[in-house]
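Student:
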RNA sequence: CGGGUAGUAGCGCAGGGGCUAGCGCACUUGGUUCGGGACCAAGGGGUCGGUGGUUCAAAUCCACUCUGCCCGACCA
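Residue numbers (this note's numbering): 217 to 789.
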């Protein structure tokens, strides 16, 4: 490709709003162009990188025996009503009516569609297992897109769906994906870790996420450096310490101006672990069958030395969503904010108590009276509720497996795998007949990789102060050929030779100064740079550099340039 | 959806009731340069996000609205 013809241009300055390096360079180098919030065009350079990533993904999926298909973006609402997700998914899924006033939606994932295909095709155990995948556009109307391609509304996702006759088969294909995903990221050059995760709206039990650890990440990952335990903080467990004592009767004490645990600790002269911390949320509960929804106040109680993990609280409350309660909503339930507790709260309030509180005695809790707390409150005596683990794991907490201190870091989710089980097959009547003629639900799994997000992470990982430096496996071109000599016939000939040899070459044929060409080459970050200038041309040579190591300049004979470049490509691939 | 912030040329920005709306980069033409973002000269490009209002006069003041970005809520 000739730079003079390339459908993009480089920018000297970063467009306003490009807050992280990778995103800034993707824009400045002309890989992508933003159309609206969370909606981007892929320009030729970006599209080529995406194609390279896609073919790596296809290679690995095909190796698993997965068959590529393409499912529709537009789905009938009725299909999604079968699983209840037409109603339970919030405005993140866009819905509309067709001309006949039928409910339609833009599929943000394809479990429903895949299950529908499954039930049409699978009749007998003899057909199982089956595995399909697609690379397809997803529209998810995220309330807060950010950081360029990291979090967008429209994106390409590789999603695969497995159909098995039993759990054993599911576990096998799940493990196959688990390993294949690591190979995919390795081939692309992205360091990732797999962590145990929440299954969220997908349902199902076992799930893993692939995380690229980076400060720009939005997820918090808990890892144990000693034994290797890893989990998303949303589900991460940890060992809690207990301090058993004999339960006493509760007692009202005056505690003016103590709205926080910190204040209480100061005024009463007790450790934070002797207090109960309450978080007030409003949960939305949706009936999957009818779509009717109602809200309830959800009170989470955790011991004062810990924090509440809202995702765990939402799961324990079985709510579709949670948001912080307004002051009026708290008051309505008979609770005084700042001095609040479930003691004396109105019927119908959902109380979720962390096991740390359930197993501790004589905690200080709000008295639901301005300026007063109770000391010596006890779960089961003074109030009741559902006991669950709703505490948030944090740095230096103890590993649930080995007890050593945990680490907390930020990460970007670049892939996920779910064991769905029979959640979809039962809801959608996707059954097969087994060897004995018994009718059984197909066991399913689903597996996703965000292609554009993967590119965005690679650009975060591979850049320097001058621009991108993507690995050759995912770079848009293998070679950037800069000609600085006047003899255009010579550079044209070299360009044709490289192209003819099947080398992917970006040829800077523009009438620009050397500085401009070098700066643009650095920005675009093609791995191998050939410079043909007067310095070496007179000796029949050209200079070759790697973008990743600009200090080392190699000198290649023009005579056998093609074969030398081929060797170099092979060496760094 | 809440809080913040911004919208003036392709990009980055200045101007803040008054006369022809400016600067840098980018772009066009001519010339000189020619190995790390060259120089000189001459040019082209704007309904100042939109609508309504105040005023003799609005890019500038007011109201509403749209859009982008950041933080939160939310989310794979």
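Yeah, the Cβ is synthetic: ideal placement off N, Cα and C, and Gly gets one too.
Between 781, 767, 719, 513, which lies nearest to residue 217 when the distance is taken from Cα to Cα?
Tutor: 719
Student: Does DSSP put residue 217 in a helix, in a strand, or in coil?
Tutor: coil
Student: Between residue 756 and residue 786, what straight-line distance do the alpha-carbon atoms span, to the nearest angstrom?
Tutor: Whole-angstrom Cα-Cα distance: 24 Å.
Student: According to the Cβ coordinates, are residue 520 and residue 493 closer than 9 Å?
Tutor: yes
Student: Please work out which residues of its chain come closer than 8 Å, Cβ to Cβ, to residue 314, disregarding the five sequence neighbours upstream and downstream, and give them in chain order.
Tutor: 320
Student: I need the straight-line Cα distance from residue 233 to residue 374, nearest angstrom please.
Tutor: Straight-line Cα distance between these residues: approximately 28 Å.
Student: Exposed or buried, which one is residue 425 when buried takes at least 16 other CB atoms within 10 Å?
Tutor: buried
Student: Between 261, 708, 377, which has its C-alpha nearest residue 287's C-alpha?
Tutor: 377
Student: Measuring alpha carbon to alpha carbon, tell me which residue in 721, 747, 781, 228 is nearest residue 264.
Tutor: Of the listed residues, the one whose Cα sits closest to residue 264 is 721.
Student: State the start and end residues of the unbroken beta strand (DSSP E) segment that holds residue 590.
Tutor: 588-593
Student: Measure the C-alpha to C-alpha separation of residue 639 and residue 565 and round it to an integer number of angstroms.
Tutor: 29 Å
Student: With H, G and I counted as helix, E and B as strand and the rest as coil, what does DSSP make of residue 387?
Tutor: helix
Student: Would residue 443 be called buried (16 or more neighbouring beta carbons within 10 Å of its own) or exposed?
Tutor: With fewer than 16 Cβ atoms within 10 Å of its Cβ, residue 443 is classed as exposed.
Student: On a Cα-Cα basis, can you pick out the residue from 662, 523, 620, 571 that is closest to residue 327?
Tutor: 662
Student: Use the C-beta contact count for residue 303: other C-beta atoms within 10 angstroms, 16 or more gives buried, fewer gives exposed.
Tutor: Buried, because 16 or more other Cβ atoms sit within 10 Å of the Cβ of residue 303.
Student: Quick check on residue 369: buried or exposed, where buried means 16 or more other Cβ atoms within 10 Å of its Cβ?
Tutor: With at least 16 other beta carbons inside 10 angstroms of its own, residue 369 counts as buried.
Student: Under 8 Å: does the beta carbon of residue 524 sit that close to some heavy atom of the ligand NAD?
Tutor: Of the ligands one can find in the structure shown there are none, so the ligand NAD has no counterpart to examine.
Student: Enumerate in chain order the residues of its own chain whose CB-to-CB distance from residue 220 is below 7 Å, with the five nearest sequence positions on each side excluded.
Tutor: 725, 726
Student: Ignore the nearest five residues each way along the sequence and tell me which others in residue 632's own chain have a CB closer than 6 Å to its CB.
Tutor: 425, 664
Student: What three-state label does DSSP hand residue 515 in the structure shown?
Tutor: strand
Student: As an exercise, report each continuous alpha helix (DSSP H) stretch of at least 4 residues that is fully enclosed by the stretch 563-647, in chain order.
Tutor: 571-574, 639-643
Student: Indicate the three-state DSSP secondary structure (helix, strand or coil) for residue 344 in the structure shown.
Tutor: The answer is coil: DSSP assigns residue 344 none of H, G, I, E or B.
Student: Do you know how far the Cα of residue 666 is from the Cα of residue 587?
Tutor: 51 Å
Student: Please check the pair residue 467 and residue 590, which I expect to be a contact at CB under 8 Å, by giving their CB distance rounded to whole angstroms.
Tutor: 7 Å
Student: Going by beta carbon distance, what residues of the same chain come within less than 7 Å of residue 541, once the five residues before and after it are set aside?
Tutor: 496, 497, 498, 513
Student: Please return the same chain residues whose Cβ sits closer than 7 Å to the Cβ of residue 251, not counting the five positions on each side in sequence.
Tutor: 257
Student: Let me check one thing: in DSSP terms, what residues is residue 524 bridge-paired to?
Tutor: 607
Student: What's the gap between the Cα of residue 501 and the Cα of residue 585?
Tutor: Cα to Cα, residue 501 sits roughly 30 Å from residue 585.
Student: Pick from 456, 357, 240, 305: whose alpha carbon is nearest that of residue 363?
Tutor: 240
Student: Alpha carbon to alpha carbon, how far is residue 636 from residue 660?
Tutor: 5 Å
Student: Taking the straight line between their C-alpha atoms, what separation do you get for residue 534 and residue 645?
Tutor: 24 Å
Student: Using CA atoms only, rank isn't needed, just tell me which of 272, 427, 448 is closest to residue 396.
Tutor: 272
Student: Just the C-alpha distance for residue 766 and residue 741, rounded to the nearest angstrom, thanks.
Tutor: 11 Å
Student: What did DSSP end up calling residue 358 once you bin it into helix, strand or coil?
Tutor: It is coil, neither helix nor strand.
Student: Whole angstroms are fine: how far does the CA of residue 392 sit from the CA of residue 278?
Tutor: 12 Å
Student: Apply the 10 Å Cβ neighbour rule to residue 771 and answer buried if 16 or more other Cβ atoms are within range, or exposed otherwise.
Tutor: exposed
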